[in-house]
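So the sequence shown is numbered by my numbering: it starts at 3 and just counts up by one.
Worksheet: the structure to be examined is printed underneath.
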Amino acid sequence: MLWTAAGVVTLGFLIALEFAARHYGVRGPITNQAREVVFAPDSGPLLYAGLALTMVVLTWRQRFVAAGAAIGIDVVFWLVRWVAGADMNFGNGALWVVLGCAVVAVTRRRGGERTLLLKGVGLGLLLVAGHKTGDTWLLITSETRKAVLDPYVATADQALGNPSWLVGRFVEATEPVGDHVLHLVYGQLPLAAALVGLYQLRHVAAERRFPSHHLVRTFLAIGLLGPAIYMIFPVVGPVFAYGADGGQWAVANLWPHTLPQTGGAPHSMPFDEITPRNCMPSLHTAWATTLFVHSRRGSRGIRFAGTFWLVATLTATLGFGYHYGADLIAGVVFALTVETAMRSFARGWDRAGIRLVAYGTTVFAVLLVSYRYLPVEMAEHPWAAGPLLVLAMASVILGYVRTTGPREPVAAPTRQPEPPQPAEQQPELV
3 MLWTAAGVVT LGFLIALEFA ARHYGVRGPI TNQAREVVFA PDSGPLLYAG LALTMVVLTW
63 RQRFVAAGAA IGIDVVFWLV RWVAGADMNF GNGALWVVLG CAVVAVTRRR GGERTLLLKG
123 VGLGLLLVAG HKTGDTWLLI TSETRKAVLD PYVATADQAL GNPSWLVGRF VEATEPVGDH
183 VLHLVYGQLP LAAALVGLYQ LRHVAAERRF PSHHLVRTFL AIGLLGPAIY MIFPVVGPVF
243 AYGADGGQWA VANLWPHTLP QTGGAPHSMP FDEITPRNCM PSLHTAWATT LFVHSRRGSR
303 GIRFAGTFWL VATLTATLGF GYHYGADLIA GVVFALTVET AMRSFARGWD RAGIRLVAYG
363 TTVFAVLLVS YRYLPVEMAE HPWAAGPLLV LAMASVILGY VRTTGPREPV AAPTRQPEPP
423 QPAEQQPELV
């Protein structure tokens, strides 16, 4: 019943976004995903990550067959596009196989096996649909929010020492190696989340059930809820509002070499209808934070990858001028609040979980209100405001560790039950 309700709500949400996108003369998430059945996909690695998530419910033999079919279909598509001179990309085969699994589930499976396979298909499709949904949300923010609040956040960010300007100069100094590495990490965050998710779901095929909570659930929830905050607090980022990428709409070409100065009360500024208002909070920071959290229960390699992706993502968000430091603090608080809610929803609400969700929501709201109504005071008293911002974030982190740590012991490796030993034969009594 819960999965059915979630499916209906998700479908309704996608249909609503489709109509909203059509209103602005572009294709919505459903149309974009349907086109990738035939036309060149936007992201081949993402489609194969979706296929990998679907394959967690398959046996190893079925996985080899599915992967081979996907690669074979992609080779055929690639040859046809090469002959026709069309756009070249891969990933159609992965989508075909995922859809084929859905057909098999409906026509050839029954009971629990059908439900399990459909859950795998839904997980794979939702990973791709979440990316398409995000693109549509970003379009809506740029079309509906004509003015942005960057001057407020840039002023408040002076309490943190203007970290985007500092890291921006660092990244510029490490070009071209640092630039390429960080772009790769920043762009492939969904793929990294899929890999950690696969690690968490590696026992699904053997146990024939999904764990109560895993990374992909929180990842999708953040992508669903986060863009709604963009509509409330539209911000484009320093590289656009204060850099060359903003063109004629920028306040001035200051980023990353010239620090902005406090000059009276900040005010909203008009901006173009193309650039997404996708800064507050930083969802890349939120996603990287949840990836780091979920990697803590993995192997040493998984833990190292989670730490690397978090550090590299934070560096990229600031160093490319996509976010202010204030966005990152809000992103961490937002991520841990959503993660706590998802864990509590899956494992049962208790007083500690409810208290932390309420506290995280309150801290997040206070941050937004402070950025909007107290930026001048924060800039004028950086030695008080800066530590307070960091302490507010640290208090949520500490609350999360104290709330979830005792409830979640490190999982022991799965062991197969030993076959029962035959009972010893008792001597007969004469």
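Ideal Cβ placement from N, Cα and C applies to all residues, glycine included.
Note to self: Residues in the same chain with beta-carbon distance under 7 Å from L97, minus the five sequence neighbours each way, listed in chain order, please.
What the structure shows: Position 95 of the sequence shown holds residue 97. Same-chain partners within the cutoff: E38, V39 and L49.
Item checked: DSSP state of E420 mapped onto helix, strand, coil -> Stepping through the sequence shown from its first residue, residue 420 is reached at position 418. Confidence in E420 is poor, its pLDDT being 46 and thus under 50, which makes the residue's placement unreliable; the coordinate value appears in the next sentence. It is coil, neither helix nor strand.
Notebook entry, point to check: With respect to 7 Å, is the separation between the Cβ of W80 and the closest non-hydrogen atom of the ligand ADP below this value?
Noted result: Absence of the ligand ADP from the depicted structure is noted, as is the absence of any ligand whatsoever, leaving it without description.
Check: If you check the beta carbons only, do H259 and R147 fall under 8 Å apart?
Finding: Translated into the one-based positions of the sequence shown, residue 259 becomes position 257. Translated into the one-based positions of the sequence shown, residue 147 becomes position 145. Not a contact, by the Cβ cut-off of 8 Å.
Item checked: Same chain only: Cβ atoms within 6 Å of G308, ignoring 5 sequence neighbours per side -> Start at 1 with the first residue of the sequence shown, and residue 308 comes out as number 306. Around G308: L293, F294 and S297.
Next item on the list: To the nearest angstrom, report how far apart N34 and Y244 are at their CA atoms.
Entry: What you label residue 34 is simply residue 32 of the sequence shown in a count that begins at 1. What you label residue 244 is simply residue 242 of the sequence shown in a count that begins at 1. Approximately 33 Å between the Cα atoms of the pair.
Notebook entry, point to check: Going by alpha carbons, who is nearest to L197 out of M57, V253 and A343?
Noted result: As a position in the sequence shown, residue 197 is number 195, starting the count at 1. When each option's Cα is compared against that of L197, the closest is M57.
Check: Are G355 and T405 close, meaning C-beta to C-beta below 8 Å?
Finding: Translated into positions along the sequence shown, residue 355 becomes position 353. Translated into positions along the sequence shown, residue 405 becomes position 403. Contact: yes.
Check: Which residue's Cα is closest to the Cα of R299: G199, A394, Y188 and H185?
Finding: Counted from its first residue, the sequence shown places residue 299 at position 297. Out of G199, A394, Y188 and H185, G199 has the C-alpha closest to the C-alpha of R299.
Next item on the list: State the Cα-Cα distance for the pair A161 and M380, rounded to the nearest angstrom.
Entry: In the sequence shown, the residue the question calls residue 161 occupies position 159. In the sequence shown, the residue the question calls residue 380 occupies position 378. If you take the alpha carbons of A161 and M380, they lie about 6 Å apart.
Next item on the list: Along the alpha helix (DSSP H) that carries S372, what are the first and last residues, could you check?
Entry: Counting from one through the sequence shown, the residue named residue 372 turns up at place 370. Unbroken alpha helix (DSSP H) run through S372: R353 to Y375.
Margin query: By the three-class DSSP mapping on this structure, what secondary structure does V150 have?
Written below: Taking the sequence shown and counting its residues from 1, the one referred to as residue 150 is at position 148. It is a strand residue.
Check: Do G321 and V173 have their C-beta atoms closer together than 8 Å?
Finding: Position 319 of the sequence shown, counting from 1, holds the residue named residue 321. Position 171 of the sequence shown, counting from 1, holds the residue named residue 173. Result yes, Cβ atoms of G321 and V173 sit closer than 8 Å.
Check: Which first and last residues belong to the alpha helix (DSSP H) in which E341 is found?
Finding: To locate residue 341, count along the sequence shown from 1; it is residue 339. Segment G327 to R349, the alpha helix (DSSP H) holding E341.
Next item on the list: Please state if the CB of Y232 and the CB of E145 are separated by a distance shorter than 8 Å.
Entry: Taking the sequence shown and counting its residues from 1, one reaches residue 145 at position 143. Taking the sequence shown and counting its residues from 1, one reaches residue 232 at position 230. No. Outside cutoff.
Margin query: Taking 6 Å as the limit between beta carbons, can you name the residues of its chain near Y324, skipping five residues before and five after?
Written below: Counting from one through the sequence shown, the residue named residue 324 turns up at place 322. Contacts found: G239.
Next item on the list: Starting from Q250, trace the alpha helix (DSSP H) both ways and give me its first and last residue.
Entry: Counted from its first residue, the sequence shown places residue 250 at position 248. No alpha helix (DSSP H) contains Q250, which DSSP labels as neither H nor E.
Note to self: In whole angstroms, give me the CA-to-CA distance for T135 and G248.
What the structure shows: As a working mapping, residue 135 is identified with position 133 in the sequence shown. As a working mapping, residue 248 is identified with position 246 in the sequence shown. Using only the alpha carbons, I get a separation of about 25 Å.
Check: Are the beta-carbon atoms of A158 and S301 separated by less than 8 Å?
Finding: The count along the sequence shown starts at 1 and reaches residue 158 at position 156. The count along the sequence shown starts at 1 and reaches residue 301 at position 299. No, these two residues do not count as a Cβ contact at 8 Å.
Notebook entry, point to check: What are the boundary residues of the alpha helix (DSSP H) that E174 is part of?
Noted result: Numbered from 1 along the sequence shown, position 172 holds the residue referred to as residue 174. Taken as a continuous stretch (DSSP letters only), the alpha helix (DSSP H) holding E174 covers P165 to A175.
Next item on the list: Flag this pair as yes or no: are the beta carbons of V340 and A223 separated by less than 8 Å?
Entry: In the sequence shown, residue 340 corresponds to position 338, counting from 1. In the sequence shown, residue 223 corresponds to position 221, counting from 1. Yes.
Notebook entry, point to check: Is DSSP giving P192 helix, strand or coil here?
Noted result: The residue you call residue 192 lines up with position 190 of the sequence shown. Residue state, collapsed to three classes: helix.
Checklist line | the stretch 71-78 / the stretch 90-106 touching (three or more Cβ pairs under 8 Å) | finding: yes
Item checked: Close-in-space but distant-in-sequence residues of the same chain around F366 (CB under 8 Å, 5 per side omitted) -> Along the sequence shown, one-based indexing puts residue 366 at 364. Taken in chain order, the residues that qualify are P283, A332, V335, F336 and T339.
Margin query: If you follow the alpha helix (DSSP H) that C103 is in, where does it begin and where does it stop?
Written below: In the sequence shown, the residue the question calls residue 103 occupies position 101. Note, C103: alpha helix (DSSP H), N94 to R110.
Next item on the list: For my contact list, A348 and H215 are in at a C-beta cut-off of 8 Å; report their separation, rounded to the angstrom.
Entry: Residue numbering aside, residue 348 sits at position 346 when the sequence shown is read from its first letter. Residue numbering aside, residue 215 sits at position 213 when the sequence shown is read from its first letter. That pair is a contact at about 4 Å.
Checklist line | Option in R210, V187 and A328 with minimal Cα separation from F235 | finding: In the sequence shown, the residue the question calls residue 235 occupies position 233. Measuring from the Cα of F235, the nearest candidate turns out to be A328.
Checklist line | Cβ-based burial, N280 [other Cβ within 10 Å; buried from 16] | finding: On the sequence shown, residue 280 is found 278 positions in, with the first residue counted as 1. By the neighbour-count rule (16 or more Cβ atoms within 10 Å), N280 is buried.
Next item on the list: Using 10 angstroms around the beta-carbon of D152, count the other beta-carbons present and answer buried if the total reaches 16, otherwise exposed.
Entry: Numbered from 1 along the sequence shown, position 150 holds the residue referred to as residue 152. So D152 ends up on the buried side.
Check: What separation, rounded to the nearest whole angstrom, lies between the Cα atoms of G228 and P278?
Finding: Locating residue 228 in the sequence shown gives position 226, where the first residue counts as 1. Locating residue 278 in the sequence shown gives position 276, where the first residue counts as 1. Near 13 Å, if we compare the C-alpha coordinates of P278 and G228.
Margin query: The alpha helix (DSSP H) that contains Y232, what's its start and end?
Written below: Numbered from 1 along the sequence shown, position 230 holds the residue referred to as residue 232. Note, Y232: alpha helix (DSSP H), L217 to I234.
Note to self: So, under 8 Å CB-CB, L60 and A68 are touching, yes? Tell me the CB distance rounded to an integer number of Å.
What the structure shows: Mapped onto the sequence shown, residue 60 falls at position 58. Mapped onto the sequence shown, residue 68 falls at position 66. Going by Cβ atoms, the distance from L60 to A68 rounds to 6 Å, so yes, they are a contact pair.
Next item on the list: Could you spell out the range, first to last residue, of the alpha helix (DSSP H) harbouring I75?
Entry: Locating residue 75 in the sequence shown gives position 73, where the first residue counts as 1. Taken as a continuous stretch (DSSP letters only), the alpha helix (DSSP H) holding I75 covers W62 to A86.
Next item on the list: Use the C-beta contact count for R211: other C-beta atoms within 10 angstroms, 16 or more gives buried, fewer gives exposed.
Entry: On the sequence shown, residue 211 is found 209 positions in, with the first residue counted as 1. That one is exposed.
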